[in-house]
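For reference, the structure is listed below as structure tokens.
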Amino acid sequence: MILSLEITGSYYLVVAALMFSIGAVGLLVRRNVLVMFMCVELMLNAVNLTFVTFAEMLDDVTGQVLVFFTLAVAAAEVAVGLAIIVAIFRRRRGATADDLTVLKG
Amino acid sequence: MIGGGIDTGTRIVGPDVDFLAIGPVLALAVAALVVILVRAILRKRGPVNQISLGVGLAGVAAAGVLLGIQWNEVRDDGTITTIAGAVRLDTFGVFLGVVVLAATAMSLFLAASYLEREELEAPEYYALMLLSAAGMLTMTTANDLIVVFVALELLSIPLYVLAAFDRRRLSSQESGIKYFVLGAFSSAVFLYGIALTYGATGTTSLTGIADFLSANTLFEQGTLLAGLALLLVGLGFKVAAVPFHMWTPDVYQGAPTPVTAFMSSATKAAGFAALLRLLGVAFPLYRTDWRPAILGLAVLSLAVGSIAAVIQTDVKRILAYSSIAHAGYILIGLQVDTARGRQASLFYLLVYAFMTVGAFAVITVATRKGDDKHSLDDYRGLALRRPVVGGLLGFFVLAQAGVPLTGGFVVKLEIFSSAVDAGEYGLAIVGVLAAVVAAFIYLRIAVALFTSPGGEAADASEDRPVDRWTAAVLAVTTAAVLFAGILPGAWLTFAKDATFL
Chain A
0 MILSLEITGS YYLVVAALMF SIGAVGLLVR RNVLVMFMCV ELMLNAVNLT FVTFAEMLDD
60 VTGQVLVFFT LAVAAAEVAV GLAIIVAIFR RRRGATADDL TVLKG
Chain B
0 MIGGGIDTGT RIVGPDVDFL AIGPVLALAV AALVVILVRA ILRKRGPVNQ ISLGVGLAGV
60 AAAGVLLGIQ WNEVRDDGTI TTIAGAVRLD TFGVFLGVVV LAATAMSLFL AASYLEREEL
120 EAPEYYALML LSAAGMLTMT TANDLIVVFV ALELLSIPLY VLAAFDRRRL SSQESGIKYF
180 VLGAFSSAVF LYGIALTYGA TGTTSLTGIA DFLSANTLFE QGTLLAGLAL LLVGLGFKVA
240 AVPFHMWTPD VYQGAPTPVT AFMSSATKAA GFAALLRLLG VAFPLYRTDW RPAILGLAVL
300 SLAVGSIAAV IQTDVKRILA YSSIAHAGYI LIGLQVDTAR GRQASLFYLL VYAFMTVGAF
360 AVITVATRKG DDKHSLDDYR GLALRRPVVG GLLGFFVLAQ AGVPLTGGFV VKLEIFSSAV
420 DAGEYGLAIV GVLAAVVAAF IYLRIAVALF TSPGGEAADA SEDRPVDRWT AAVLAVTTAA
480 VLFAGILPGA WLTFAKDATF L
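These protein sequences, in sequence, are chains A and B. Position 9, counted from 1, in the first sequence is what numbering that gives the first Met the number 0 calls 8; the numbers after and before it change by one each time, with no gaps. Position 304, counted from 1, in the second sequence is what numbering that gives the first Met the number 0 calls 303; the numbers after and before it change by one each time, with no gaps.
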């Protein structure tokens with residue numbers, strides 16, 4: 000018996016939505032700044048998957064082009080973000096958000 | 000044909016570019032690159048600082064002249080759409096461009112003496128601020144969601160660095176990382192909104208989305224509405240509307256004060272530019288869906304911004320909460336969704352830029368070196384010790400409270416009357432109540448300024464004289480706020496001309 004499972008576009012969209020949710024929840028619950036940072040990357044890649052899937056479903060090349068914009072912007076964001084993280088945690092023990100307590104009120 | 004069937008003679012035709020439309024952005028970007036080059040080539044600190052400030056101001060001036068030419072062009076000949084529909088130059092974009100540029104110029108002036116005093120790297124600072132301003136100007140004329148996204152990132156990424164610019168001060172670094180994490184989160188949310196909107200309509204062009212929605216009835220609206228909601232969340236972060244405001248008090252408090260002035264005035268204008276354009280150009284047919292959402296944002300921003308400010312004791316934090324409340328007023332003009340409402344919102348953004356930059360300008364000179372003593376106690380008796388400085392801070396907080404004869408009164412009046420005109424009485428009442436609650440905290444600052452500190456008298460010898468750059472900013476902002484309060488006619492006409500989307 001051959002089990003046939005047709006993978007349609009909506010499967011990819013659901014996977015992307017799950018990835019995005021995992022990233023968003025992770026960002027909100029994790030305390031390590033580097034892990035929070037990875038969660039942002041997960042969210043951005045979920046968006047990329049969504050763009051590519053829609054481009055395929057709509058038979059339109061725009062969505063694929065948009066991925067390049069996202070990648071370029073994400074790279075710039077990583078460079079700046081890591082620089083700030085390095086600058087701030089050079090003088091502290093660990094990279095957890097719980098240590099950031101100067102500003103509150 | 001040579002080359003395996005490929006016609007090597009084929010010309011690749013790019014889209015037409017109207018350089019006038021992107022002129023101001025180019026001017027700022029070129030100025031920023033020149034500053035970085037000068038910094039790399041010259042080594043001596045003193046001249047480099049002077050040259051980079053000069054280049055930066057020249058870039059801003061050139062952008063200002065180009066905006067003036069643009070204004071005449073689009074007012075007489077109508078909207079210009081260029082670069083394959085990605086950029087749309089209209090009076091609305093030019094108006095907010097003027098707001099952004101005015102705020103940028105004033106923030107550069109404030110930074111000039113601040114950086115010298117705090118011994119920070121001036122050229123990098125100017126370059127980052129110019130790049131951020133270039134992103135904001137791109138945002139005001141963007142007609143494609145992906146351009147909005149790129150502009151959003153171009154304005155945000157330099158701001159993350161600027162917020163963390165004072166490397167020796169922990170609070171500055173902390174504000175940088177907090178702004179970065181929440182900013183990156185909101186950008187990702189915004190981008191997912193673009194993806195869903197693209198999936199539902201097959202285009203990312205704002206006018207394209209509107210055309211598609213008026214020509215087709217969507218069989219299933221879930222994707223589009225989810226996309227629209229995510230876009231609103233992403234922009235809600237940028238304009239600091241409740242419940243997306245958590246970063247605002249921390250970032251405003253920790254960032255160097257000239258950066259805070261820049262963020263509260265220019266970033267807000269750019270965020271509202273994108274919001275107004277998105278809702279007004281792309282989704283006018285879905286107004287019954289987004290108006291309740293904007294209503295919620297406006298009411299929450301007014302309530303939280305006004306009430307939470309009362310329990311704060313740090314002046315920069317108080318001003319941060321008040322900027323959240325001001326976002327609420329501007330959202331009222333957006334929510335009523337009439338030409339009058341849009342005019343009131345634009346007018347509010349223009350006058351608010353002067354009020355907030357003025358207040359933060361006083362704060363840069365009122366405190367001593369270090370930029371971390373901003374509690375109400377530090378300001379107690381300031382007006383007795385230094386009448387001009389303290390008096391001006393009192394003037395700007397009273398203007399923000401909406402005292403008559405200041406611009407703050409007229410803009411609030413415009414917002415409320417646009418709401419009443421549209422029959423939104425409830426919203427107008429919420430706005431007035433919020434203004435009453437907020438008046439309490441502004442009065443608290445004003446009273447603190449004029450009461451004697453008790454205990455030991457503050458050491459007046461540590462007070463800094465007001466340098467000429469800051470004095471210029473204070474003169475301009477004071478004049479603008481008074482002028483808007485006494486003779487608002489010309490400003491209102493300017494804002495009215497800019498309401499055509």
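Positions of the beta carbon are idealized from the N, C-alpha and C atoms, including for glycine.
Through-space distance from residue j to residue i, alpha-carbon basis
i	j	result
Ala-239/B	Tyr-320/B	9 Å
Leu-491/B	Met-42/A	43 Å
Phe-18/B	Gly-58/B	16 Å
Arg-167/B	Ser-305/B	33 Å
Leu-41/B	Val-47/B	7 Å
Arg-89/A	Asp-466/B	35 Å
Tyr-351/B	Gly-406/B	8 Å
Gly-2/B	Gly-13/B	Its pLDDT being 49, under 50, Gly-2/B is placed unreliably by the model, and nothing is read from it.
Gly-390/B	Leu-383/B	9 Å
Thr-222/B	Glu-118/B	51 Å
Gly-80/A	Leu-486/B	46 Å
Glu-40/A	Gly-22/A	8 Å
Val-410/B	Phe-282/B	26 Å
Gly-422/B	Val-429/B	14 Å
Leu-169/B	Gly-425/B	44 Å
Glu-54/A	Val-419/B	This sequence places Ala at residue 54/A; Glu is not what is there. Straight-line Cα distance between these residues: approximately 45 Å.
Leu-114/B	Ala-121/B	6 Å
Tyr-159/B	Leu-333/B	28 Å
Trp-246/B	Phe-236/B	9 Å
Leu-349/B	Arg-367/B	30 Å
Ile-35/B	Phe-415/B	46 Å
Within-8 Å CB hit, residue i to chain B
i	result
Phe-50/A	yes
Phe-19/A	yes
Ile-84/A	yes
Val-60/A	no
Val-46/A	yes
Leu-4/A	no
CB contact check: residue i to chain A, cutoff 8 Å
i	result
Ile-414/B	no
Tyr-159/B	yes
Gly-198/B	yes
Tyr-347/B	no
Ile-145/B	yes
Leu-119/B	no
Tyr-320/B	no
Gly-2/B	With a pLDDT of 49 at Gly-2/B, under the threshold of 50, the predicted position of this residue should be treated as unreliable, and no value is reported.
Ala-194/B	yes
Within chain A, the residues that residue i reaches when beta carbons sit closer than 7 Å
i	result
Val-149/B	Phe-68, Val-72
Gly-201/B	Leu-57, Asp-59
Ala-85/B	None at all; the shortest Cβ gap to chain A is about 12 Å.
Leu-212/B	In chain order: nothing, as chain A lies at least about 16 Å away.
Ala-187/B	Val-39, Met-42, Leu-43, Val-46
Residue i: contacting residues in chain B (beta-carbon distance under 8 Å)
i	result
Val-32/A	Ile-176, Val-180
Chain B contact residues for residue i, given Cβ-Cβ distances below 7 Å
i	result
Gly-25/A	Ordered by position in chain B, no residue passes the 7 Å Cβ test against Gly-25/A, which lies about 11 Å from the chain.
Contacts of residue i in chain A (Cβ-Cβ under 8 Å)
i	result
Arg-166/B	Ala-86
Phe-184/B	Ala-23, Leu-26, Val-39, Met-42
Ile-156/B	Ala-75, Glu-76, Val-79
Gln-172/B	Ile-83, Ala-86, Ile-87
Glu-152/B	Val-72, Ala-75, Glu-76
Tyr-191/B	Phe-19, Met-42, Ala-45, Val-46, Thr-49
Test item: CB-CB of residue i and residue j under 8 Å
i	j	result
Gly-8/A	Thr-52/A	yes
Ala-292/B	Leu-231/B	yes
Leu-212/B	Leu-284/B	yes
Thr-206/B	Asn-142/B	yes
Ala-102/B	Phe-261/B	yes
Ala-26/B	Leu-88/B	no
Tyr-251/B	Lys-315/B	yes
Ile-440/B	Ala-308/B	yes
Ile-83/A	Leu-33/A	no
Leu-190/B	Trp-289/B	no
Phe-395/B	Val-402/B	no
Residue i at chain E interface by Cβ criterion, 8 Å
i	result
Ala-163/B	The structure shown contains no chain E; its protein chains are A and B.
Handout entry: Inter-stretch contact at 8 Å, needing at least 3 Cβ pairs: the segment 126-141 of chain B / the segment 49-66 of chain B
Key = yes
Problem - At least 3 beta-carbon pairs within less than 8 Å: the segment 473-481 of chain B vs the segment 323-341 of chain B - result: no
Practice task
Evaluate the contact criterion for the segment 67-81 of chain B versus the segment 152-164 of chain B: three or more CB pairs, one atom per stretch, below 8 Å.
Solution key: no
Exercise for the section: Could you tell me whether the segment 443-454 of chain B touches the segment 367-384 of chain B, using the rule of 3 or more Cβ pairs below 8 Å? Expected result: yes
Practice task
Taking 8 Å as the threshold, find out whether the segment 105-114 of chain B comes into contact with the segment 31-41 of chain B through three or more Cβ pairs.
Solution key: No contact exists between the segment 105-114 of chain B and the segment 31-41 of chain B.
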